[in-house]
Ligand SMILES: C[S@@+](CC[C@H](N)C(=O)[O-])C[C@H]1O[C@@H](n2cnc3c(N)ncnc32)[C@H](O)[C@@H]1O
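Residue numbers (our numbering): 242 to 596.
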């Protein structure tokens, strides 16, 4: 086996230990243990050191763990790694990360060429659990503007949240959405109850992404599933269900940069509908100049909004100082801005503010 410089090994191992800790903190004990073993293997100059050494100084170092684990998970999901699959909870394995490790190490040693492309590819995710928070905003916008919604999403990934009205939401006696939907959000809201009785109709939906994923193609499905942590079974199953809904319910996601796409879309004015520009966990990916351009576009479209053609900007984004996401909404005419809710980043509880 190729000798890897001890300094490189030590830097990589420290990166891997940080990532193992963050898997633990973010709720994947399975990956925390597995990646702790990856860190040990790197220190000992094993196959993980050989595979990861060329990436020691890349700017995307913080996602190296997700890239490697996503590549291996994909082989598991494709039925290409049966020994390892026995331990992956996503395919009904026993979740024993200690028992998985020797097989994981062997796979890295034997199939590094197959894993290489995953190290170079940015992880792609689409978190359908965010619909539980976003729906609070869509319902509020529908209730206050009284118009059908025209949805414009930037950074849509596969567009799963563009289909939020195809899912089912219920809290006690209140509900919204498609009661037959396999994607079900039940009793997740604290604080005030969302406007479940609003007349919330989606007239039009369209999104954009620089790297869209086709949820109706096997490759797109596997891409998204492979980046969900295998021991977060509820999240994994919800994504599978949302991918099934997407098969039956198409939505266009254009390959485009957010600002130039939004400029074109906002130039097509719609009367008797509320145009809702929205995004979740996207803002931080935009260059500052693109963020500024989006602000300008919204300001100028807001200035032209009327009661018959209102505009809303709904965003669910991380904050700099807290460990949760905040859901903010601005509506025009009037530039009324308020925080509607806070939530986690994946499937989980949503804390709603009063109106
Ligand atoms: C963390 S993902 C979030 C995806 C989705 N909004 C969700 O909540 O699951 C960020 C997405 O933003 C996209 N993205 C990054 N920069 C972009 C840009 N300048 N314009 C449009 N999309 C962009 C990425 O390709 C990726 O799909």
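All residues carry an ideal CB built from backbone N, CA and C; glycine is no exception.
| query | In terms of residues, what are the limits of the beta strand (DSSP E) holding residue 595? | reply | From DSSP, residue 595 is part of no beta strand (DSSP E); its letter is neither H nor E.
| Are the beta-carbon atoms belonging to residue 395 and residue 520 less than 8 Å from one another? | Against a cut-off of 8 Å, the Cβ pair of residue 520 and residue 395 comes out as a contact.
| message | Across the stretch 373 to 389 and the stretch 323 to 336, are there enough close Cβ pairs to call them in contact, namely three or more that are closer than 8 Å? | response | The stretch 373 to 389 vs the stretch 323 to 336: no contact.
| said: Is the separation between the beta-carbon of residue 317 and that of residue 398 shorter than 8 Å? | reply: no
| message | Between which residues of its own chain and residue 526 is the CB-CB distance below 8 Å, once the five residues before and five after are set aside? | response | 396
| query | In chain order, what residues of the same chain lie with their CB nearer than 7 Å to the CB of residue 523, ignoring the 5 residues before and after it? | reply | 395 and 396
| request: Verify whether the separation of the beta carbon atoms of residue 485 and residue 420 is less than 8 Å. | output: no
| field | Element boundaries [alpha helix (DSSP H), containing residue 272] | value | 270 to 284
| request: Measure the C-alpha to C-alpha separation of residue 507 and residue 542 and round it to an integer number of angstroms. | output: 7 Å
| message | Following a CB-centred definition, is residue 446 positioned closer than 7 Å to any heavy atom of ligand 1? | response | No.
| said: With distance defined between alpha-carbon atoms, name the residue in 405, 434 and 567 nearest to residue 413. | reply: With distances taken between Cα atoms, residue 413 lies closest to 434.
| request: Check whether the stretch 456 to 469 touches the stretch 436 to 447, counting contact only when three or more Cβ pairs, one atom from each stretch, lie closer than 8 Å. | output: Counting C-beta pairs with one atom in each stretch, the stretch 456 to 469 and the stretch 436 to 447 have fewer than three that are closer than 8 Å, which means they do not touch.
| message | Let's see if you can read the secondary structure: which residues bound the alpha helix (DSSP H) around residue 328? | response | Here residue 328 belongs to no alpha helix (DSSP H), and DSSP marks it neither H nor E.
| Are there 16 or more other CB atoms within 10 angstroms of the CB of residue 430, so buried, or fewer, so exposed? | buried
| request: Report yes if the C-beta distance between residue 306 and residue 359 is below 8 Å; otherwise report no. | output: no
| query | Assuming residue 515 and residue 551 make a contact with CB atoms under 8 Å, what is their CB distance in whole Å? | reply | 5 Å
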